[in-house]
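Residue numbering for the sequence shown follows numbering that gives the first Met the number 0, starting at 0 and increasing by one per position.
The structure appears right after this line, and notes come after that.
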Amino acid sequence: MTKQSKALDSGWTLRLTGGEAPAGLERLRDGALPARVPGCVHADLLAAGLIPDPYRDLNELEVAWVGRADWRYDTVLEGVPDGFERTDLVFDGLDTVARVLLDGVELGSTRNMHRSYRFDVTGRVRAGSALSVRFTSAYTEAEALRERLGPRPNEYPDPFNYIRKMAAGFGWDWGPTLVTAGIWRPARLESWSTARLASVRPLVTVAGGDGRIEAHVELERTGTGAGRELTLTVEAAGHAVRRAIPAGEDGAVAVLEVPDPDLWWPRGHGDQPLYDCVVVLSDTGTGRVLDRWRRRVGFRTVELDESRDEHGTAFTLRLNGEPIFARGVNWIPDDALPARITPERYRHRLRQAAEAGVDLVRVWGGGIYEDHAFYDACDELGLMVWQDFLFACAAYPEEQPLRGEVEAEARENVTRLSPHASLVLWNGNNENLWGFRDWKWEAALAGDSWGEGYYLGLLPRVVAELDPTRPYNAGSPWSGSWNHHPNDPAHGPSHFWEAWNRRDYTDYLNDVPRFAAEFGWQAPPAHATLREWLGDDPLTPTSPGMLHHQKAEDGNGKLDRGLAHHFTAPASFDHWHYLTQVNQARAVATAVAHWRSHWPVCAGTVVWQLNDCWPVTSWAAIDGAARPKPLYHELRRLYADRLLTFQRRDGARVLAVDNQSPEPWQGTAVVRRLRADGSGLAEERLPFAVPPRSVGLLPLTVADFKDAGEELLVADAGGLRDVVLGRADKDFAFPAPELDLRLDAADGTLDVVITARSFVRDLLLQADRLGPAAVADRGLVTLLPGESVTISVTGLDTSDETSVRSALFCVNAAEGVPRP
0 MTKQSKALDS GWTLRLTGGE APAGLERLRD GALPARVPGC VHADLLAAGL
50 IPDPYRDLNE LEVAWVGRAD WRYDTVLEGV PDGFERTDLV FDGLDTVARV
100 LLDGVELGST RNMHRSYRFD VTGRVRAGSA LSVRFTSAYT EAEALRERLG
150 PRPNEYPDPF NYIRKMAAGF GWDWGPTLVT AGIWRPARLE SWSTARLASV
200 RPLVTVAGGD GRIEAHVELE RTGTGAGREL TLTVEAAGHA VRRAIPAGED
250 GAVAVLEVPD PDLWWPRGHG DQPLYDCVVV LSDTGTGRVL DRWRRRVGFR
300 TVELDESRDE HGTAFTLRLN GEPIFARGVN WIPDDALPAR ITPERYRHRL
350 RQAAEAGVDL VRVWGGGIYE DHAFYDACDE LGLMVWQDFL FACAAYPEEQ
400 PLRGEVEAEA RENVTRLSPH ASLVLWNGNN ENLWGFRDWK WEAALAGDSW
450 GEGYYLGLLP RVVAELDPTR PYNAGSPWSG SWNHHPNDPA HGPSHFWEAW
500 NRRDYTDYLN DVPRFAAEFG WQAPPAHATL REWLGDDPLT PTSPGMLHHQ
550 KAEDGNGKLD RGLAHHFTAP ASFDHWHYLT QVNQARAVAT AVAHWRSHWP
600 VCAGTVVWQL NDCWPVTSWA AIDGAARPKP LYHELRRLYA DRLLTFQRRD
650 GARVLAVDNQ SPEPWQGTAV VRRLRADGSG LAEERLPFAV PPRSVGLLPL
700 TVADFKDAGE ELLVADAGGL RDVVLGRADK DFAFPAPELD LRLDAADGTL
750 DVVITARSFV RDLLLQADRL GPAAVADRGL VTLLPGESVT ISVTGLDTSD
800 ETSVRSALFC VNAAEGVPRP
């Protein structure tokens, strides 16, 4: 019979078995409460009303005890079907340190959140069997290993580098400290006979226009199955190949040739055809199907160009031979309790990324290897995936038991994710090679292991063995060898954090990196998100909830110093909230437009970050309640196929006509120098013809300001615009904003038609102030006198002009746009 699977997703209970609990919750030691599988302890306690929501106010501190306690999950099994030789108990994920017992007998133990586990329970499962999973606090394991192996540098206080668990769960500069435990991925009983597919690893390549699937299969046999010949069948794209597996062999490779398949491309470069790949294992003698594996694959080639040139060392992804300017975002776990993330949530968030013009998502090394649903969505949406191995911002010991866990984890996840066409790069770590050189680790380590052996030894060997179809990069940042500084912008991927931490976003203009893999600027969440999750009254930048939901070191100080370079000090919270969001969008725009204009020397920008895992002031473009910030809308402009921006070359201002589309861009750019009242001072018309995937630089003759405090430059071409002021906003003579409004409501959409009677800088309609579900279709807009814009708002029952005006902000009058 074909393998059968029984999900273990009901009937679970949870109880406390060790550690301290607050007064009133000691009863959890004796009385069990319902538990959800997949799930985690925090979610179960929250569902039972036994802990406050850790995302609200300062509740994170009140639930800290949960992560230091020990817990036990129990269920009663229904038995297994008759007629099978073997039964396995399978856990796709246990978080993290656990003992698994069946009828009181231990089956095994675990210490890695990022692996699956399988236990042979043949003949031991009956109706009424008691299954128990007993979790020890991750702190207990990590602190014990730290004591045994010695201290290692860590940029955060908790010992996450001593345990194979989601590092961000121990707290980060954007995330809460919620150290989870639980059966966080599906569990099941599998019954099978003769043999099963232990792993399937399809290596998909293209050569000479024809596709090739090299299916590497590992088998597990029963005792009676050891002497049987088996048949392996691989099917895809209307073609099939069969291969006999002789008795006694536990591995096989079957090669399927697919003539002239349609190629998978990143979004914006072509379509994303996907083909069902089915691998069937059968008994040759009886023809009986034993096991079946199915995933979708895509045909494409991936290369990483790291050639040397006059600028340094390239870092350019090539898909199907075509060099790609990567328009990327960094991805963190979308919930601090990752078991709560559903396939629908993955798809929604990734669709938001695609709709913003993103074509690459970097899965950051302090999180998790995401569920297949994440990569499935990326496959379909044409989002390239840069996948970090899970090491971040710390020195990681290389002694046992960690080294064995790291290798097993890497082997399993390289195999698991290999079918996905979207996966284009394996990356060894986040910032650890840089940290060794610049963060005073070398002296502190005094020769102790710290992870270099993983990044430059173990992991590249695993990738070369298991997935030679994809490139491997040792780290981000990394310059390719110790011959260069690890974060040298001229060599490989670079991170840019001095602008945010110590300088100003204009600092981005001082470098032309080969690939900008991290950079960003903070801003608070949407106003409705703050009101939903914080009870502060009044709400201020330094009110208790706001400060607790600002995890960056001196985060508010950096926000304020960043504002001071460009704006006068905000007079109210609403003013501060608006201006910090404007500054975030402008900071990222400065970097992306500058670096993008230097294509192909710079081959990509990966903004930190797309998403949040809870409601927090952070670098995200979409806040923790899934509301887009102005930065999200700005990304739609910055990552569009065509971008028009003022830039500088050799000290002179030029107009960059950036064409990342597949078609030539021909037209005429109109550049005007205006006074703040909108009157014209000078104008020039610049014909241009820019080939596909190229940047044209147009010299200017009208770019010199005569009275900089009252003048601006405006460039228009092909419906695109860029605006540059002669001085910083705080020193510019803005006119008072004068706006006429018209509201048109129909079919659940409110169209707000705004006509400017004066120059209006960075106009923003904060739709969530009109209603918590309201969403506007655009962000910051700059209007010249006489120009109009229509902002469409959905998710709103009704509104009037007074309320709309109260939700409108602009740099001219950040306290809200006054009535005429």
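For glycine and all other residues, C-beta sits at the position ideal for the given N, C-alpha and C.
Remember, predicted model here, so these are calculated numbers, not experimental data.
Next item on the list: Out of C392, L401, P337 and R361, state which residue places its alpha-carbon closest to the alpha-carbon of Q386.
Entry: R361
Next item on the list: Can you check DSSP and say which residues form a bridge with L821?
Entry: Examination of residue 821 is not possible in this model, given that the chain is present from 0 through 819 alone.
Note to self: Is the beta carbon of A755 closer than 8 Å to that of L738?
What the structure shows: yes
Next item on the list: Run through the segment 338 to 419 for me and flag every whole beta strand (DSSP E) of 3 or more residues, listed as ranges in chain order.
Entry: 359 to 362 and 383 to 387
Note to self: Which of the three DSSP states is assigned to N160 in this structure?
What the structure shows: helix
Next item on the list: Assuming R671 and G679 form a contact by the criterion Cβ under 8 Å, report the distance between their Cβ atoms to the nearest whole angstrom.
Entry: 6 Å
Check: So R460 is in the beta strand (DSSP E); what residue range does that whole segment cover?
Finding: From DSSP, R460 is part of no beta strand (DSSP E) but of the alpha helix (DSSP H) over L458 to L465.
Next item on the list: Sort out for me which residues DSSP pairs G666 with in a bridge.
Entry: F687
Notebook entry, point to check: With respect to the beta strand (DSSP E) encompassing R211, which residues constitute its N-terminal and C-terminal limits?
Noted result: D209 to R220
Notebook entry, point to check: Could you give the distance in angstroms between the alpha-carbon of P21 and the alpha-carbon of T109?
Noted result: 28 Å
Notebook entry, point to check: Straight-line CA distance for E19 to L7?
Noted result: 30 Å
Next item on the list: Quick one: give me the first and last residue of the alpha helix (DSSP H) that K557 is part of.
Entry: G554 to A563
Margin query: Output needed for V803: all residues of its chain with C-beta closer than 8 Å, excluding positions within five of it in sequence on either side, in chain order.
Written below: L740, L742, V751, L764 and L769
Item checked: Distance CB(Y72)-CB(I162) smaller than 8 Å -> no
Notebook entry, point to check: According to the neighbour-count rule (16 or more other Cβ atoms, all chains shown, within 10 Å of its Cβ), is E146 buried or exposed?
Noted result: exposed
Next item on the list: Leaving aside the five residues before and after E309 along the sequence, list all residues of the same chain whose C-beta is less than 7 Å from its C-beta, in chain order.
Entry: none
Notebook entry, point to check: At which residues does the alpha helix (DSSP H) containing G820 begin and terminate?
Noted result: Summary: the structure shown does not reach residue 820, with the chain confined to residues 0 through 819, and so no result is reported for it.
Check: If you check the beta carbons only, do D703 and L643 fall under 8 Å apart?
Finding: no
Checklist line | CB contact flag (I790, D776, <8 Å) | finding: yes
Check: Under a three-way DSSP split, which group does D622 fall into?
Finding: coil
Next item on the list: Answer with buried or exposed for L389, where buried requires no fewer than 16 other C-beta atoms within 10 angstroms of its C-beta.
Entry: buried
Next item on the list: Give the DSSP bridge partners of H490, in chain order.
Entry: T312
Check: R501: buried (16+ other C-beta within 10 angstroms of its C-beta) or exposed?
Finding: exposed
Check: Between the C-alpha atoms of I340 and L359, what's the straight-line distance to the nearest angstrom?
Finding: 20 Å
Margin query: Could you tell me the alpha carbon to alpha carbon distance between T781 and N811, rounded to whole angstroms?
Written below: 11 Å
Check: Since N431 and G450 are thought to touch, with beta carbons under 8 Å apart, how far apart are those beta carbons, to the nearest angstrom?
Finding: 5 Å
Notebook entry, point to check: Based on the DSSP output, what are the partners of P33 in its beta bridges?
Noted result: T12
Next item on the list: Inspect the beta-carbon positions of W884 and E531 and report whether they are closer than 8 Å.
Entry: Because the chain spans 0 through 819 in this model, residue 884 falls outside it and cannot be assessed.
Next item on the list: Give the range of the alpha helix (DSSP H) segment to which F134 is assigned.
Entry: Run containing F134: none in the alpha helix (DSSP H); it sits in the beta strand (DSSP E), A129 to T135.
Check: What is the DSSP secondary structure of L455, counted as helix, strand or coil?
Finding: helix
Notebook entry, point to check: Are there three or more Cβ pairs, one per stretch, closer than 8 Å when the segment 99 to 109 is compared with the segment 30 to 45?
Noted result: no
Check: From which residue to which residue does the beta strand (DSSP E) around Q646 run?
Finding: R641 to R648
Check: Can you tell me whether DSSP reads H547 as helix, strand or coil?
Finding: helix
Notebook entry, point to check: Count the other CB atoms within 10 Å of the CB of P819; is the residue buried (16 or more) or exposed (fewer)?
Noted result: Only weak support exists for where P819 lies, its pLDDT of 46 falling under 50; the value from the coordinates is given anyway. When all chains shown are included, P819 counts as exposed.
Note to self: According to DSSP, is Q271 part of a helix, a strand, or is it coil?
What the structure shows: coil
Next item on the list: Give every residue of the same chain whose Cβ lies closer than 6 Å to the Cβ of A391, excluding the five residues on either side of it in the sequence, and list them in chain order.
Entry: A166, G364, G365 and N429
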